[in-house]
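Numbering (my numbering), first residue to last: 2 to 224.
Quick reminder that beta carbons are idealized off the backbone N, C-alpha and C, glycines included.
Bear in mind that the values here come from a model prediction, so they are computed numbers and not experimental data.
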Amino acid sequence: MFITRRESRCDECGSELGRGAWITLLGTDRGAACLSCADLDHLAFLPSGDTALTRRARTHSGLTAVVLRWSRTRKRYERQGLLVEEGALTRAEQECAADAETREARRARAAGRRAELDDAYVGQFAARMRELYPGCPAGREREIAMHACRKYSGRVGRSAAAKKLDDEAVHLAVIAHIRHRETRYDELMMRGSDRRVAREMIRDDVDEVIRRWSRARHVHDDA
């Protein structure tokens with residue numbers, strides 16, 4: 002992933018990303034993709050600086066991405082940190098917890114994450130998701146809402162449509178969650194599969210989960 006310095010635009014969804022956007026290059030003549038379109042928006046950002054924590058998080062994470070920013074003074078890209086799976090980061094933090102200094106860093110980061118979230122908006126987003134997908138596992142709506150609505154990332158939950166609790170925006174957040182949590186999508190990506198091919202391979206699995214999570218609502222609507 003690259004953090005841009007100029008005005009940026011996602012060549013997949015067409016969103017104007019502005020400066021400081023997180024993008025990945027798609028290859029020759031394909032342009033750039035934002036964090037959501039690159040299917041990396043489920044990952045947590047781990048800033049550079051704590052070698053032990055970074056090493057452990059990378060070891061535990063099935064999918065990772067290095068985050069780079071161009072340095073005007075040094076005329077080169079410099080590493081800003083790593084995108085890793087939330088569970089891998091939590092596990093790495095737990096393993097480092099015996100060290101007092103690391104524990105303090107963990108508390109500071111946790112406070113920063115909480116500050117990124119608008120609790121009222123997250124609650125509304127989660128409630129709307131529960132209405133649309135009553136069959137999803139208990140507590141999953143809150144998890145999806147907290148992830149989708151985190152401020153730094155430009156994720157789907159931060160879009161204007163999502164803030165109006167547009168059903169399609171909520172649906173996109175659910176689809177992204179299912180793709181990474183309920184299918185082998187990340188495994189395919191780590192094996193080098195093209196993102197579009199990998200999506201097609203797990204499409205039926207995603208559709209099945211959506212049907213299962215939506216079933217209770219459909220039964221109620223029919224009644």
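By the criterion of at least three beta-carbon pairs nearer than 8 Å, the region 169-178 is in contact with the region 38-46.
For residue 122, the uninterrupted alpha helix (DSSP H) segment begins and ends at 120-133. When secondary structure is reduced to three states using DSSP, residue 19 falls in the strand class.
Counting along the chain, residue 80 sits inside the beta strand (DSSP E) bounded by residues 77-86. Contact between residue 98 and residue 108 is absent: CB atoms are separated by about 10 Å, not below the 8 Å threshold. A direct Cα-Cα distance of roughly 25 Å separates residue 70 from residue 187.
Each of 196, 34, 27, 3 was checked against the Cα of residue 14, and the nearest Cα belongs to 34.
Separation of residue 214 and residue 135 (C-alpha to C-alpha, rounded to the nearest whole angstrom) is 6 Å.
If you draw a straight line from the Cα of residue 168 to the Cα of residue 182, it is about 21 Å long. Collapsing the DSSP output to three states places residue 97 in a helix. Boundaries of the beta strand (DSSP E) around residue 70: 66-72.
The three-state reading of DSSP puts residue 62 in coil, since its state is none of H, G, I, E or B. DSSP, reduced to helix, strand and coil, places residue 10 within a strand of the structure shown. The bridge partners DSSP lists for residue 45 are 85. Residue pairing for residue 24: DSSP places it in a beta bridge opposite 3, 35. Counting only residues of its own chain and dropping the five nearest sequence neighbours on each side, residue 89 has a CB closer than 7 Å to the CB of 58, 61, 62. Judged by their CB atoms, residue 196 and residue 190 are nearer to each other than the 8 Å cut-off. Cβ contact annotation for residue 32 (same chain, cutoff 6 Å, sequence separation greater than five): 12, in chain order.
Annotation for residue 167: no alpha helix (DSSP H) segment contains it, and DSSP assigns it neither H nor E.
For residue 142, the enclosing alpha helix (DSSP H) begins and ends at 141-149.
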